[in-house]
Amino acid sequence: MAMPVVNTEYLKEIDKARRDLRALISRKNCAPIMLRLAWHDAGTYDVNTKTGGPNGSIRNEEELLHGANSGLKIASDLLLAMAMPVVNTEYLKEIDKARRDLRALISRKNCAPIMLRLA
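In the numbering used here, the protein residues as written are 7 to 125.
Below, the structure written as structure tokens:
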């Protein structure tokens with residue numbers, strides 16, 4: 007998968023998203039739950055494998071259903087509603103598609119042990 011192009015237009019979109027996020031947090035008075043969402047997303051980092059971390063995976067249903075993440079769907083939904091108009095969501099869509107494809111592959115009979123050996 008190709009990395010997204012970072013050009014002036016993209017940087018303007020990022021600045022706009024940053025301003026929109028600050029406005030949302032101010033308007034909804036939701037800084038504590040947003041901080042908790044970021045903390046829980048970053049908390050998956052594994053220093054030994056250098057995997058996980060703040061990668062946005064917290065927005066996936068299976069992670070939101072984890073007991074430690076109780077209540078974070080509220081923050082995730084606020085961010086999702088805000089992110090909808092952002093132009094460069096194609097990259098996120100490709101990542102989600104790759105995750106779904108990998109889950110489908112792993113769920114096939116006898117595939118999980120093979121995937122574990124490859125990991």
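All C-beta atoms, glycine included, are put in the ideal place defined by N, C-alpha and C. From a predicted model like this one, the values you see are computed outputs, not experimental measurements.
In its own chain, which residues sit with a C-beta less than 8 Å from the C-beta of residue i, not counting the 5 before and 5 after it?
i, result
"residue 75", "46, 64 and 69"
Please return the same chain residues whose Cβ sits closer than 7 Å to the Cβ of residue i, not counting the five positions on each side in sequence.
i, result
"residue 40", "31 and 81"
"residue 60", "44, 47 and 48"
"residue 93", "Confidence in residue 93 is poor, its pLDDT being 49 and thus under 50, which makes the residue's placement too unreliable to answer from."
Go through its chain and collect everything with a Cβ distance to residue i's Cβ below 6 Å, but skip five positions before and after it.
i, result
"residue 84", "none"
"residue 58", "50, 51 and 52"
"residue 124", "Only weak support exists for where residue 124 lies, its pLDDT of 47 falling under 50; the coordinates are left without a value."
Terminal residues of the continuous alpha helix (DSSP H) containing residue i?
i, result
"residue 82", "78 to 89"
"residue 33", "14 to 34"
"residue 40", "37 to 48"
"residue 6", "Examination of residue 6 is not possible in this model, given that the chain is present from 7 through 125 alone."
Measure the CB-CB distance between residue i and residue j and report whether it falls below 7 Å.
i, j, result
"residue 78", "residue 43", "yes"
In the DSSP assignment, what are the bridge partners of residue i?
i, result
"residue 107", "Looking at the DSSP assignment, residue 107 forms no beta bridge with any residue, so it has no partner."
"residue 52", "57"
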